[in-house]
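Numbers given in the numbering used here equal positions in the sequence shown, counted from 1, plus 136. Each residue gets a CB set at the ideal place from its N, CA and C atoms; glycine is no exception. What follows is one structure encoded as structure tokens, with my remarks underneath.
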Amino acid sequence: MNKELTIVMPCLNEAETLAICIKKAQKYFKENSIEGEIIIADNGSTDGSQDIAKANGARVIDIPKKGYGSALKGGFENAIGQYIIMGDADDSYDFSDLYSYLEKLREGNDLVIGNRFKGGIEKGAMPFLHRYLGNPVLSFIGRLFFNSKIGDFHCGLRGFTKEAYKKLQLTTTGMEFASEMIVKAHLLNLKIAEVPTKLYKDGRTRKPHLKTWSDGWRHLRFLLLYSPKWLFLFPGMILIIFGFISSAILVITPIKINSVTFDVQTLLYSMSILLIGFQFVLFYGLTKVFAVTQKLLPKSERFDAVFKYISLEKGLILGLIMVIIGGIYSIYAVSFWSDNHFGPLNFRQTSRIIIPSVFTIIIGIQIVLFSFFFSILGLKDDETQSKL
Numbered sequence: 137m138n139k140e141l142t143i144v145m146p147c148l149n150e151a152e153t154l155a156i157c158i159k160k161a162q163k164y165f166k167e168n169s170i171e172g173e174i175i176i177a178d179n180g181s182t183d184g185s186q187d188i189a190k191a192n193g194a195r196v197i198d199i200p201k202k203g204y205g206s207a208l209k210g211g212f213e214n215a216i217g218q219y220i221i222m223g224d225a226d227d228s229y230d231f232s233d234l235y236s237y238l239e240k241l242r243e244g245n246d247l248v249i250g251n252r253f254k255g256g257i258e259k260g261a262m263p264f265l266h267r268y269l270g271n272p273v274l275s276f277i278g279r280l281f282f283n284s285k286i287g288d289f290h291c292g293l294r295g296f297t298k299e300a301y302k303k304l305q306l307t308t309t310g311m312e313f314a315s316e317m318i319v320k321a322h323l324l325n326l327k328i329a330e331v332p333t334k335l336y337k338d339g340r341t342r343k344p345h346l347k348t349w350s351d352g353w354r355h356l357r358f359l360l361l362y363s364p365k366w367l368f369l370f371p372g373m374i375l376i377i378f379g380f381i382s383s384a385i386l387v388i389t390p391i392k393i394n395s396v397t398f399d400v401q402t403l404l405y406s407m408s409i410l411l412i413g414f415q416f417v418l419f420y421g422l423t424k425v426f427a428v429t430q431k432l433l434p435k436s437e438r439f440d441a442v443f444k445y446i447s448l449e450k451g452l453i454l455g456l457i458m459v460i461i462g463g464i465y466s467i468y469a470v471s472f473w474s475d476n477h478f479g480p481l482n483f484r485q486t487s488r489i490i491i492p493s494v495f496t497i498i499i500g501i502q503i504v505l506f507s508f509f510f511s512i513l514g515l516k517d518d519e520t521q522s523k524l
């Protein structure tokens with residue numbers, strides 16, 4: 137039988153609060169004449185939560201694989217509702233007041249996120265570090281990295297269509313599941329809405345499952361890995377620009393600031409900075425291709441355009457040109473040494489030739505190797521295209 141709405145609650149030893157959460161959800165169904173179901177995605181409870189859920193008319197799905205994300209995905213896979221609303225079973229959210237979520241979904245939104253900072257946070261409902269550091273900082277990073285307008289990336293009460301869930305292809309199993317859902321929705325250009333949501337002090341006497349520092353790091357790590365341009369490209373470009381400008385100046389002349397002189401020793405470091413920045417940019421390219429071919433990130437038109445302009449042949453040509461340039465300057469340095477009968481040389485003068493020559497050769501070789509690896513990663517995408 138088709139249902140309009142499925143409410144999924146992840147559960148791990150929630151005997152104290154599970155019944156009241158189910159009753160509130162049932163009250164919402166009844167008062168609003170909604171055809172709905174309640175799924176308890178149980179993640180291995182040992183306190184009788186399963187029996188409580190069944191006694192109160194909920195459907196229990198046993199999820200053996202541990203993790204917040206695993207439990208939720210198991211519940212979503214078994215949902216028969218057109219829309220799905222997820223929320224914790226600790227009575228911190230009011231399941232009898234879900235109208236704003238369902239209304240936004242009926243309007244055509246793919247994903248509806250709650251905002252606890254707009255809806256209100258009851259005293260003692262959220263730890264100090266979470267309220268004033270963790271959630272604001274991680275939400276800010278999420279908005280910055282993914283051009284998002286979502287104010288609360290980690291609200292546990294959210295709704296979405298069953299079709300949107302299929303498109304998201306969620307993979308994480310832990311608490312970072314909440315971030316993955318929003319990030320992928322943005323990357324897929326799904327329609328997202330936000331509604332004020334009240335957060336209440338949960339009704340449990342035991343400690344929550346959330347671990348402040350480890351789970352916070354998992355969220356941050358996920359945001360970084362899913363935005364390689366912020367992790368690799370932008371830092372790499374900054375290093376390249378700084379390294380190139382400083383190296384270009386030092387190749388021509390030492391830099392004097394008051395009584396301090398920056399000479400060829402500094403040139404060695406500035407060229408190293410340029411090389412490190414170049415490696416960051418190369419790693420961005422490889423990470424992006426791998427993430428798309430493995431379906432960790434959605435493909436974009438820009439991604440296809442990259443393969444049109446960057447090919448193995450072009451990379452090999454550019455790399456070999458760089459190696460040849462470096463080789464020519466190296467030969468020039470040897471000839472300069474030969475003119476001096478292979479005797480002692482002016483260290484500063486020759487270093488301004490040798491250091492750029494060596495780094496140019498290294499960068500050329502890296503371009504060649506990158507081109508081969510880039511093409512190998514792209515083979516899977518080419519095979520996929522040929523099957524379509």
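- Excluding the 5 residues flanking it on each side, I176 has same chain C-beta neighbours closer than 6 Å at M145, C147, A189, A194, V196, in chain order.
- Q401 and V417 have their C-alpha atoms roughly 25 Å apart.
- In the three-state DSSP reduction, Q162 falls in the helix class (H, G or I).
- Using a Cβ distance threshold of 8 Å, D227 and I156 count as a contacting pair.
- Around L422, the same chain offers F506, F509, F510, L513 as residues with beta carbons nearer than 8 Å, after the five sequence neighbours per side are excluded.
- Of the residues G352, D187, I489, the one whose Cα lies closest to the Cα of H266 is G352.
- In the DSSP assignment, Y420 falls within the alpha helix (DSSP H) that extends over 400–429.
- Secondary structure of A177 (DSSP, three-state): strand.
- Counted as a single uninterrupted DSSP element, the alpha helix (DSSP H) harbouring R242 occupies residues 235–242.
- If the five residues before and after N325 are omitted, its C-beta is found closer than 7 Å to no C-beta atom of its own chain.
- In this structure, I461 lies away from T486, with their beta-carbon atoms at least 8 Å apart.
- Between E299 and G217, the alpha-carbon positions lie close to 11 Å from each other.
- Shortest Cα-Cα distance from C291 to any of V248, F472, T309, E171 involves V248.
- Taking 8 Å as the cut-off, the beta carbon of E258 is found closer than this to the beta carbon of L335.
- For M373 and L403, the gap between their C-alpha atoms comes out near 19 Å.
- Pairing P371 with F296, the inter-Cα distance amounts to about 35 Å.
- Between the segment 307–320 and the segment 351–367, the count of C-beta pairs closer than 8 Å reaches three or more; the two stretches touch.
- The beta carbon of E152 is closer than 7 Å to those of G339, R340, T341 in its chain, skipping five residues each way along the sequence.
- Contact annotation: the segment 157–175 touches the segment 200–218, with at least three C-beta pairs closer than 8 Å.
- Cβ-Cβ distances below 6 Å link P200 to nothing in the same chain once the five nearest sequence neighbours on each side are left out.
- Here Y204 is buried. Its C-beta has 16 or more other C-beta atoms within 10 Å.
- Nearest neighbour of Q415 by Cα position, chosen from D399, L269, L367, L456, turns out to be L367.
- Per DSSP, reduced to three states, the secondary structure at E299 is helical.
- Put simply, of I491, Y468, I499, R488 the residue whose alpha carbon is nearest the alpha carbon of M458 is I499.
- For the pair G211 and L369, the Cα-to-Cα distance works out to about 37 Å.
- The beta-carbon separation of F231 and A314, rounded to 18 Å, does not stay under the 8 Å limit for a contact.
- Remark: C-beta atoms of N179 and S206 approach each other more closely than 8 Å.
- DSSP places C291 in the coil class of the three-state scheme, outside both helix and strand.
- Under the DSSP assignment, D198 falls in the beta strand (DSSP E) whose first and last residues are 195–198.
- Contact between L234 and I221 holds, with the beta-carbon distance rounding to 6 Å and staying under 8 Å.
- Excluding five sequence positions before and after D198, the CB atoms of its chain that fall closer than 6 Å to its own CB belong to D178, given in chain order.
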